C-alpha cells in the first residue's frame, strides 16, 4: 500500500525548558494541527527516542504521549535506533501504514539533553559502543576524528573542505527559525576553533540539543480526504554495519549507508539524479562526505569537492541540509531523523520560507552510531 | 593477560571475537595473542571532550597487526600524544583504562583492563 505524509511539525530546537514529554506533546499537537486531522483518527503512535531513561529517568514515553495527547486506545510503541532513531521511526511508521495495520499513524521524535553536561551526554551516547571500545573511552566524536584523519590523508582532501560543510550548514541554519544556531561562521572561525577530536574542531560537531519533530502518515488513497498536497514515500530501507567500528575493512566506507541507500533507490525506481534535495546526518562534518559517497552521489574520496565547489550549497545542483542540518539546526537524538523528513515536507510543499529551493523529490539519510545502523528515506510531492 | 584475536577454520581473524566469524559465519575456534607483536597505526585522534572517568586528553589509535599474512585491527589508547599514521607500536598492558564507577555502564558488565599502544623505535 502506498504511504502518504500528510502533516509535519518541529518544535524550536535548542536549550528548552520543557522535559521530553513536553517536547513530544508540543510536536505531536502541532503536527495534528498542521494536518487538520482529528485526534480520534489516529490509530498508531510511534515515539522515536533514544535515551529518555538515561537522560531523564522517564521511560514508557509511548504510553505517556498517548495519554498526554488524548489518544488513548491507539496502539503506541517506542523506537530506538540510537542517533538513527528518527529514521527508524519513519521506517516503522511507514510499515504500520503500508502493511494495512493502521490507516493513520502519528510519528513523534524527541529528546531532552541539555540539562546534562556535555561529558555526561557524550557518555550516554558512547554507551552504544562495544566493551572493547568503551573501556578505552572511545566516543562518537573520537570515531569521527579517527575517520576524518584517514579520509584526509588517504584522499589528499584539504582540511578546509570539512570547514566548508560547517560554513554551509550554519548559513542555511540562519534561514531556519527553528534551528538552534542562527549565526553564520566563516572558514577561518571553524579552523581556529578548539580541537575536540584532532583533526576535528568544535565547528565540525553538532551541538547538544532539546527538541521534538513529528509526521502524520496515512495510505495515499486516504490522503486526499485530508489534503490535496502531500508527500508520497517512494522508498525507505534500513541496514546495519559492524558494531565494532575498527573492524570495518575500509574505515571510510559506510556499508549501512550503501545498503540502505541501494535498497531505497531500488524500491523507488529512482536514479541518483532524480533527487532534488537531501538531508544528511551531519552529526560530524565528515559524515556529509561519507554519506554522499555511500549513497552514490560521488565516487569514494571525491565528495569533499562537492563542498568546496558549491554543489551542495543551497543554490547548487544538489542542496544538502537546507534545514541547517544537525550541525546548525541541532541534534535532539530521537527527533533528528524525523526533522530531516519535516524539512523535505516543507521544501517540497513550498513552505520553507527564506531557505526555499526548487524541489519535488528528496532524500533523508539518518545514521545511528558511527554508521552502525542507517535508514534512508525517499519522498516526492503529490498534488491532487 | 593477552590481547586475543579470534580465528575461524578459514583463517579469518577478528578482534574482539564474535559468536560467529563475520566473514564466513563459521564458529571461531582459536585465538592468537597480539600482545607480543607490533602493529602499524592506521589512523589516530586526540580527543579532548572525554566522558566521566576517562583521561583528558585521550589519544586513540586504530592499529593493524599482520598475522601470517592476514591482517587484524584493534582500537586502543596510545601511551603518548606523539603518534603518527604509519608508526610501529607495541601493546602495553594497563590495569584500569578508565574509572569503571564514573561512567554510565554497569561496572560488572565488562573488563576495564587492556592494552595501550606505545611507539617502538
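Residue numbers (this note's numbering), protein chains in the order written: chain D, 1 to 384; chain F, 1001 to 1121.
All residues carry an ideal CB built from backbone N, CA and C; glycine is no exception.
Just so you know, these numbers come straight off a predicted model, no measurement behind them.
- Task: Would you list the residues sitting across from residue 235 of chain D in a DSSP beta bridge?
- Result: By one-based count along the first chain, residue 235 of chain D stands at place 235. Among the bridge pairs identified by DSSP, residue 235 of chain D is matched with D/378.
- Task: Going by DSSP, name the residue or residues bridged to residue 1006 of chain F.
- Result: Working through the second chain from its first residue, we reach residue 1006 of chain F at position 6. Partner(s): F/1014 and F/1031.
Is it true that the CB of residue 76 of chain D sits closer than 9 Å to the CB of residue 46 of chain D? Here residue 46 of chain D refers to the residue found at position 46 of the first chain. Here residue 76 of chain D refers to the residue found at position 76 of the first chain. In this structure, residue 76 of chain D lies closer than 9 Å to residue 46 of chain D by Cβ.
(request) Look at the alpha carbon of residue 327 of chain D and the alpha carbon of residue 52 of chain D, and state the distance between them as a whole number of angstroms. (result) Residue numbering aside, residue 327 of chain D sits at position 327 when the first chain is read from its first letter. Residue numbering aside, residue 52 of chain D sits at position 52 when the first chain is read from its first letter. Going by the C-alpha atoms only, they are around 22 Å apart.
Determine whether the beta carbon atoms of residue 122 of chain D and residue 1050 of chain F lie at a separation below 9 Å.
Locating residue 122 of chain D in the first chain gives position 122, where the first residue counts as 1. Locating residue 1050 of chain F in the second chain gives position 50, where the first residue counts as 1. Yes, the pair counts as a contact, with Cβ atoms nearer than the cut-off.
Notebook entry, point to check: How big is the Cα-Cα spacing for residue 147 of chain D and residue 246 of chain D?
Noted result: Counted from its first residue, the first chain places residue 147 of chain D at position 147. Counted from its first residue, the first chain places residue 246 of chain D at position 246. Going by C-alpha positions, residue 147 of chain D is about 10 Å away from residue 246 of chain D.
Exercise. How would you label residue 17 of chain D, buried or exposed, when you count the other beta carbons within 10 angstroms and need 16 or more for buried?
Worked result: For the purposes of this step, residue 17 of chain D is taken as residue 17 along the first chain, with counting starting at 1. Residue 17 of chain D comes out exposed.
Exercise. If you compare alpha carbons, which of F/1121, F/1002, F/1003 and F/1022 is closest to residue 1011 of chain F?
Worked result: Counting from 1 along the second chain, the entry for residue 1011 of chain F is found at position 11. The residue from F/1121, F/1002, F/1003 and F/1022 with its alpha-carbon nearest to that of residue 1011 of chain F is F/1022.
Review point. Which bits of chain F does residue 136 of chain D rub up against, with CB to CB less than 9 Å?
Key: Start at 1 with the first residue of the first chain, and residue 136 of chain D comes out as number 136. Result: 1054, 1058, 1060, 1075, 1076, 1077, 1097, 1098, 1114 and 1116.
Exercise for the section: With 9 Å as the C-beta to C-beta threshold (strictly closer), list the residues of the region 1022 to 1048 of chain F near chain D in chain order. Expected result: Going along the region 1022 to 1048 of chain F in chain order, one finds 1022, 1042, 1043, 1044, 1045, 1046, 1047 and 1048 with a Cβ nearer than 9 Å to chain D.
Give the DSSP bridge partners of residue 1093 of chain F, in chain order. Along the second chain, read from residue 1 onward, the residue named residue 1093 of chain F stands at position 93. In DSSP, residue 1093 of chain F forms a bridge with F/1115.
- Item | residue 451 of chain D versus D/23, D/83, D/381 and D/158, residue with shortest Cα-Cα distance | Because chain D in this structure spans residues 1 to 384, residue 451 of chain D falls outside the shown range and cannot be described.
Residue 251 of chain D: contacting residues in chain F (beta-carbon distance under 8 Å) | The residue you call residue 251 of chain D lines up with position 251 of the first chain. For residue 251 of chain D, the chain F residues whose Cβ falls inside 8 Å of its Cβ are 1042, 1043 and 1062, in order along the chain.
Query raised in the report: Which first and last residues belong to the alpha helix (DSSP H) in which residue 26 of chain D is found?
Result: One-based indexing of the first chain puts residue 26 of chain D at position 26. In the DSSP annotation of this structure, the continuous segment of the alpha helix (DSSP H) that includes residue 26 of chain D starts and ends at 20 to 35.
Q) Is residue 363 of chain D near residue 275 of chain D, with beta carbons less than 9 Å apart? A) The sequence position of residue 363 of chain D within the first chain is 363, counting from 1. The sequence position of residue 275 of chain D within the first chain is 275, counting from 1. Closer than 9 Å, so yes.
_Sub-9 Å separation of residue 1081 of chain F and residue 1057 of chain F beta-carbons_ = Along the second chain, read from residue 1 onward, the residue named residue 1081 of chain F stands at position 81. Along the second chain, read from residue 1 onward, the residue named residue 1057 of chain F stands at position 57. The answer is yes: Cβ separation under 9 Å.
Go ahead and pull the three-state DSSP assignment for residue 388 of chain D.
-> This structure does not reach residue 388 of chain D, given that chain D is present from 1 up to 384, and the question cannot be answered.
Q.
Contact criterion: CB-CB distance below 9 Å. Does residue 163 of chain D meet it with respect to chain F?
A. As a working note, residue 163 of chain D is residue 163 in the first chain. Taking Cβ atoms only, chain F never reaches closer than 9 Å to residue 163 of chain D, which makes this a no.
Helix or strand or just coil, what does DSSP make of residue 203 of chain D? Along the first chain, read from residue 1 onward, the residue named residue 203 of chain D stands at position 203. Of the three classes helix, strand and coil, the one that applies to residue 203 of chain D here is helix, per DSSP.
The region 1063 to 1076 of chain F contacting the region 155 to 167 of chain D, beta-carbon criterion three pairs below 8 Å: Contact fails: fewer than three Cβ-Cβ distances are below 8 Å.
- Task: From the DSSP output, in three-state form, read off residue 385 of chain D for me.
- Result: With chain D represented from 1 up to 384, any question about residue 385 of chain D goes unanswered, as that position is not in the structure.
Checklist entry - DSSP state of residue 221 of chain D, grouped into three classes? => result Counting from one through the first chain, the residue named residue 221 of chain D turns up at place 221. In this structure, residue 221 of chain D counts as helix in the three-state DSSP scheme.
Rounded C-alpha distance that separates residue 1110 of chain F from residue 343 of chain D | Working through the second chain from its first residue, we reach residue 1110 of chain F at position 110. Working through the first chain from its first residue, we reach residue 343 of chain D at position 343. Residue 1110 of chain F and residue 343 of chain D: Cα-Cα distance of roughly 41 Å.
Nearest neighbour of residue 139 of chain D, chosen from D/314, D/284, D/303 and D/365 [CA to CA]
Residue numbering aside, residue 139 of chain D sits at position 139 when the first chain is read from its first letter. Comparing alpha carbon positions, the residue from D/314, D/284, D/303 and D/365 closest to residue 139 of chain D is D/284.
Worksheet item: So what does DSSP say about residue 40 of chain D, is it helix, strand or coil?
Response: Residue 40 of chain D sits at position 40 when you count from the first residue of the first chain. Look at residue 40 of chain D here: in three-state DSSP terms it is helix.
Is residue 353 of chain D near the ligand NAD, in the sense that its beta carbon is under 8 Å from a heavy atom of that ligand?
As presented, the structure is devoid of all ligands, the ligand NAD included, so that no description of it is given.
Practice problem: Would you mind reading off the limits of the beta strand (DSSP E) that contains residue 361 of chain D? | Solution: Locating residue 361 of chain D in the first chain gives position 361, counting from the first residue. If you look at residue 361 of chain D, you'll find it in the beta strand (DSSP E) that goes 361 to 368.
Give every residue of the same chain whose Cβ lies closer than 6 Å to the Cβ of residue 1017 of chain F, excluding the five residues on either side of it in the sequence, and list them in chain order.
Residue numbering aside, residue 1017 of chain F sits at position 17 when the second chain is read from its first letter. By the criterion of a C-beta distance shorter than 6 Å, residue 1017 of chain F is surrounded in its chain by 1006 and 1028, once the five residues flanking it on both sides are discounted.
**Study point:** Chain-ordered chain D contacts of residue 1011 of chain F [CB-CB under 8 Å]
**Key:** The residue given as residue 1011 of chain F occupies position 11 in the second chain. Those within 8 Å of residue 1011 of chain F in chain D number zero; the least Cβ separation is about 15 Å.
I'd like the list of long-range same chain contacts for residue 81 of chain D, defined as Cβ closer than 6 Å, with 5 residues on each side in sequence excluded. Against the first chain, residue 81 of chain D aligns to sequence position 81. For residue 81 of chain D, where only same-chain residues beyond five positions count, the Cβ hits under 6 Å are 88, 368 and 373.
Beta carbon proximity, residue 1019 of chain F to chain D, threshold 9 Å: Taking the first residue of the second chain as 1, we reach residue 1019 of chain F at position 19. Cβ-Cβ to chain D under 9 Å: no for residue 1019 of chain F.
- request: Please state if the CB of residue 145 of chain D and the CB of residue 64 of chain D are separated by a distance shorter than 9 Å.
  value: By one-based count along the first chain, residue 64 of chain D stands at place 64. By one-based count along the first chain, residue 145 of chain D stands at place 145. Going by C-beta atoms, residue 64 of chain D is not nearer than 9 Å to residue 145 of chain D.
- Task: Go ahead and label residue 72 of chain D buried or exposed: buried means 16 or more other beta carbons lie within 10 angstroms of its beta carbon, across all protein chains shown.
- Result: One-based indexing of the first chain puts residue 72 of chain D at position 72. With a threshold of 16 other beta carbon atoms within 10 Å, residue 72 of chain D falls short and is exposed.
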